[in-house]
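Report on one structure; see the data block that follows.
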Amino acid sequence: MEDRLQITNGLIPQKIISVHLQDSALKELKDQATDKPARILQPSPDPAAESSLEGKPEPDVMEDPAVLGTEPAQGKGGASGSESAAERDREPGSVELCHLHLSSCHECLELENSTIESVKFASAENIPDLPYDHSSSSEGVADATCPEREGRRVNTTGKAPNILIYVGSDSQEALGRFRQVRSVLADCVDTDNYTLYQLPGESARRDPWSDNCLLLVIATRESVPKDLHRKFMAYLSQGGKVLGLSSPFTFAGFRVRTKDALRDTVQNLVFSRADQSQVKLSVLSSGCIYVGGPGEQLSVDKLQGRLENEDQDRLIVQVPFGTCGGEAVLCQVHLELPPSSSVVQTREDFDLLKSSNMRRYEVLKDILTALGLSCAVKQAPALTPLHLLWAAEEIRDPLMQWLGKHVDLEGVIKSSKLSLRFVPSYTSEIEVTPTAIPVVTDMEAFSSENFNLEIYRQNLRTEQLGKTILFAEVTSTTMSLLEGLMFEMPQEMGLIAIAARQTEGKGRGRNAWLSPAGCALSTLLVSIPLRSNLGQRIPFVQHLMSLAVVEAVRSIPGYQDINLRVKWPNDIYYSDLMKLGGVLVNSTLMGETFYILIGCGFNVTNSNPTICINDLIAEYNKEYGAELKPLRADCLIARTVTVLEKLIDTFQDQGPDGVLPLYYKYWAHSAQQIRLGGEEGPKVWIVGLDDSGFLQVHQEDGKVVTVHPDGNSFDMLRNLIVPKRL
């Protein structure tokens, strides 16, 4: 009957059994019910009960941010699961007796089993044994039946599919490993569709977890006890899926052999996908490899990973089991550990692992997909209204007066692409679309975990820029928010748009800009007189903004050696290895003034998809024993705008020579060798920027020439050309 049977309190039936009862059996059951009233479904004070699969994992605790804007520790990982309808509807202190308990309730299972036994003895009819229940004894693995539908395990409970993570003992080290595994899995799957729980040993022995387990992850470094090994094999025999992460768990003729020379070292891995394509990446080895028993013919499916060494050691294997579709992918690669893990000892190893980090996620997603999970891109979050904020109180009255004069009768300011409707407060009845956005003007009602106005104010030290803020939790792109205001609003109001998330971030050309949570995302309005040093060299604007981001971090006392750099023409890099930010400039000349929208996005707290500033800080702390605090996006946006205003003032007074020494201090191209026109073009060496902001290179014949991009939108340092002189 699936989900069509409704029971009190929204509980879902696990099993329906038809039996014929004699009066003696009915009387015995009635006496049992009288002697032992039904229990109320509520959290048990017993620690073992609290760790059952239906319990909610305890949320991570966030600390208050410091004035500097240091980033609070953010918990990552799986959803904790939804509370039942019974828990939501129950009033505090109320008492409701429920005659059906949850499927994982151990007492109910005991009652059910004892009831069935009582019925068997009391009934005049010969009741046959029930089909194999893989939540009970696992002795008869080979004879187990396998309920399946179209090759996949059937979820009969209607609950969110569970990913269960077994890490062995209850030690602090095991708990830390659980958090690591949960975190990396939550980055790969949609936690709105899957719940991630720890599977303690006692629960694995006692509870019917396999009834509602889509994937079992075995991440213990200890040997799996024999009774649990039988449980896990019973689960596999029922069509279950298993992922082994640096665990000694094996079956089907595989053995784990230790190779001490590989332990916690960075190795080159060749991963073969299901379509026979290959991915090469740097990985952190566990120090173990998979080998077969003497003379055994091993059954291996398509996914596998081997080291690029003489022995071609096997570190990833995909192994099918049984006739019901059960299979496992076993790994002796630390796919669960980030490059910033304490296991990674050197800066060189960190760089290698970080450069392969996206491929690490690709491999893990390939494995999860092969095991039946969906790693599809998560649905874009819903758009939210804008909030009109001001960084200085003296801006408030002139700003509200200006708005009163420029909105129409419905409080709307329209541009060619966007309508902004200014309202005192927001209700859910007001629609938010990419082309029509409400703007809430009551600043007293504003609150956000992603943007602290007080931290922004304390770090903003400008005369003009960044004073008036349009903030959105989620918007399509900050570049479009200011178009209707940029030509009308007085420049002294210093307009800036800031967002916590973008759904349609824009990059250079037709490129998209990924904007996950943790990025610092903003678009700043700047006006530059045409007849000025910068007005005659507008390409320098992108260089100044990139430089401002780097200087905003490295000018903080103690942070001067964080290896953040600028890459020509508009990127922010970690060393010369990985991009973590970029700049996009749109300029419009009206009369004698350039109106410039400077879009900027850089990774502050999000380690993916590449690297973030707080990764660099954490790695610096580990290498030098420092205690630098992580930073926040709101703090760094304010500091960046402050630095940019100073750089613009310096450029206007002194021209390029006023800012190039600082630019060269942080740029990633000193003596870099490139080729002109393509891979087979002549070699040249980068020497600096010319008076207009284009690259100058030193040719093999000794000449220094200016080179321009060829128009490709992938890497502007590739295929550079020498412009023709007319």
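Count the sequence shown with full-length UniProt numbering and you get residues 1 to 726, in order.
For glycine and all other residues, C-beta sits at the position ideal for the given N, C-alpha and C.
Since we're looking at a predicted model, the values are computed, not measured.
Alpha helix (DSSP H) runs contained entirely in the stretch 533-579, provided each spans 4 or more residues: When DSSP assignments are scanned along the stretch 533-579, the uninterrupted stretches of alpha helix (DSSP H) that are 4 or more residues long and fall wholly within it turn out to be 540-554.
Three-state class that DSSP yields for residue 212 in the structure shown: Looking up residue 212 in the sequence shown gives position 212. Residue 212 falls in the helix class under three-state DSSP.
Closest by C-alpha distance to residue 523, when choosing among 220, 279 and 481: Along the sequence shown, read from residue 1 onward, the residue named residue 523 stands at position 523. For the residues 220, 279 and 481, the minimum Cα distance to residue 523 belongs to 481.
At least 3 beta-carbon pairs within less than 8 Å: the stretch 315-335 vs the stretch 233-243: yes
Residue 470 - partner residues in DSSP beta bridges: The sequence position of residue 470 within the sequence shown is 470, counting from 1. Its beta-bridge partners are 388 and 497.
Beta strand (DSSP E) segment containing residue 531, residue limits: Along the sequence shown, one-based indexing puts residue 531 at 531. From DSSP, residue 531 is part of no beta strand (DSSP E); its letter is neither H nor E.
Residue 157 versus residue 212: straight-line alpha-carbon distance, rounded: The sequence position of residue 157 within the sequence shown is 157, counting from 1. The sequence position of residue 212 within the sequence shown is 212, counting from 1. The predicted model places residue 157 with a pLDDT of 36, which falls under 50 and marks its position as unreliable; any figure quoted below should be read in that light. Approximately 7 Å, taken between the alpha carbons.
Proximal residues to residue 590 (C-beta, below 7 Å), its chain only, five neighbours per side dropped: Position 590 of the sequence shown, counted from the start, is the residue given in the question as residue 590. Hits under 7 Å: 487.
Residue burial classification, residue 664 (beta-carbon count within 10 angstroms, cutoff 16): By 1-based counting over the sequence shown, the position of residue 664 is 664. Per the 10 Å Cβ criterion, exposed.
Cβ neighbours of residue 566 in the same chain (closer than 6 Å, five flanking residues each side left out): The residue labelled residue 566 in the question sits at position 566 within the sequence shown. If we look at residue 566 and ignore the five residues flanking it on each side, its Cβ neighbours are 546, 547, 550, 666 and 667.
Cα-Cα separation between residue 427 and residue 410, rounded to whole angstroms: Position 427 of the sequence shown, counted from the start, is the residue given in the question as residue 427. Position 410 of the sequence shown, counted from the start, is the residue given in the question as residue 410. Those two C-alpha atoms are separated by around 16 Å.
Buried or exposed by the 16-neighbour rule on C-beta atoms within 10 Å, applied to residue 400: Translated into positions along the sequence shown, residue 400 becomes position 400. Of the other Cβ atoms in all chains shown, fewer than 16 fall within 10 Å of the Cβ of residue 400; this residue is therefore exposed.
Sequence-distant residues of its chain with Cβ nearer than 6 Å to residue 473 (five each side left out): Locating residue 473 in the sequence shown gives position 473, counting from the first residue. So the qualifying residues of the chain are 384 and 500.
Local Cβ density within 10 Å of residue 573, reported as buried at 16 or more and exposed below that: Mapped onto the sequence shown, residue 573 falls at position 573. It is buried - the Cβ of residue 573 has at least 16 other Cβ atoms within 10 Å.
C-alpha distance - residue 464 paired with residue 686, whole-angstrom precision: Translated into the one-based positions of the sequence shown, residue 464 becomes position 464. Translated into the one-based positions of the sequence shown, residue 686 becomes position 686. Spanning the alpha carbons of residue 464 and residue 686 requires a straight line of approximately 36 Å.
Cβ-heavy atom distance, residue 345 to the ligand SAH, below 7 Å: As far as ligands go, the structure on display features none, and thus does not contain the ligand SAH.
Touch test, the stretch 612-619 against the stretch 582-600, Cβ-Cβ under 8 Å, three pairs minimum: Look at the beta carbons and you see the stretch 612-619 not touching the stretch 582-600: under three pairs across the two are nearer than 8 Å.
Residue(s) in a DSSP beta bridge with residue 358: Your numbering for residue 358 matches position 358 in the sequence shown. Note: residue 358 sits in no beta bridge, so no partner.
Exposure of residue 343, with buried meaning 16 or more beta-carbon neighbours within 10 Å: Within the sequence shown, numbered from 1, the residue matching residue 343 stands at position 343. So residue 343 ends up on the exposed side.
Rounded distance between the beta-carbons of residue 332 and residue 288, thought under 8 Å: To locate residue 288, count along the sequence shown from 1; it is residue 288. To locate residue 332, count along the sequence shown from 1; it is residue 332. Going by Cβ atoms, the distance from residue 288 to residue 332 rounds to 5 Å, so yes, they are a contact pair.
Backbone CA spacing between residue 292 and residue 669 [nearest angstrom]: Reading the sequence shown from its first residue, position 292 is the one you call residue 292. Reading the sequence shown from its first residue, position 669 is the one you call residue 669. Using only the alpha carbons, I get a separation of about 50 Å.
contact_flag[the stretch 216-226, the stretch 241-251] where n(CB pairs < 8 Å) is 3 or more: yes
Opening and closing residue of the beta strand (DSSP E) in which residue 687 lies: Here residue 687 refers to the residue found at position 687 of the sequence shown. From DSSP, the beta strand (DSSP E) with residue 687 extends over 683-689.
Classification of residue 466 by the beta-carbon crowding that lies within 10 angstroms, buried from 16 upward: Stepping through the sequence shown from its first residue, residue 466 is reached at position 466. Buried: at least 16 other Cβ atoms inside 10 Å.
For residue 305: DSSP bridge partner residues: Numbered from 1 along the sequence shown, position 305 holds the residue referred to as residue 305. DSSP, once it has assigned bridges, lists 271 and 316 as partnering residue 305.
Assumed close pair residue 540, residue 651 - CB separation to whole angstroms, cut-off 8 Å: Counted from its first residue, the sequence shown places residue 540 at position 540. Counted from its first residue, the sequence shown places residue 651 at position 651. Right, the Cβ-Cβ distance comes to about 7 Å (below 8 Å), so this counts as a contact.
Where residue 456 sits in the DSSP three-state scheme: Indexing the sequence shown from 1 puts residue 456 at position 456. Annotated three-state conformation of residue 456 is helix, per DSSP.
Straight-line Cα distance separating residue 302 from residue 329: Locating residue 329 in the sequence shown gives position 329, where the first residue counts as 1. Locating residue 302 in the sequence shown gives position 302, where the first residue counts as 1. Going by the C-alpha atoms only, they are around 10 Å apart.
Counterpart residues of residue 586 in DSSP-defined beta bridges: Translated into positions along the sequence shown, residue 586 becomes position 586. According to DSSP, residue 586 bridges with 597.
Residue 599 burial status per 10 Å Cβ neighbour count (16 or more: buried): Sequence index remark: in the sequence shown, residue 599 carries index 599 (1-based). Taking a 10 Å sphere around the C-beta of residue 599, we find 16 or more other C-beta atoms and assign the residue as buried.
Assigned secondary structure, residue 620 (DSSP; H/G/I helix, E/B strand, else coil): The residue labelled residue 620 in the question sits at position 620 within the sequence shown. Note: residue 620 maps to helix in three-state DSSP.
Counted within 10 angstroms of its Cβ, other Cβ atoms place residue 119 as buried (16 or more) or exposed: Here the question's residue 119 lines up with position 119 in the sequence shown. Any reading at residue 119 must be qualified, since the residue scores a pLDDT of 39, below 50, and its modelled position is unreliable; the value itself is stated next. Answer is buried; the Cβ neighbour count reaches 16.
Rounded separation between residue 379 and residue 578 - CA only: The residue given as residue 379 occupies position 379 in the sequence shown. The residue given as residue 578 occupies position 578 in the sequence shown. Going from the Cα of residue 379 to the Cα of residue 578 covers about 27 Å.
Any 3 or more C-beta pairs closer than 8 Å across the stretch 402-417 and the stretch 353-367: Contact fails: fewer than three Cβ-Cβ distances are below 8 Å.
Option in 251, 312 and 249 with minimal Cα separation from residue 262: Locating residue 262 in the sequence shown gives position 262, where the first residue counts as 1. Selected option, being the one with the closest Cα: 312.
For residue 636, three-class secondary structure by DSSP: Here the question's residue 636 lines up with position 636 in the sequence shown. Residue 636: helix per DSSP, three-state reduction.
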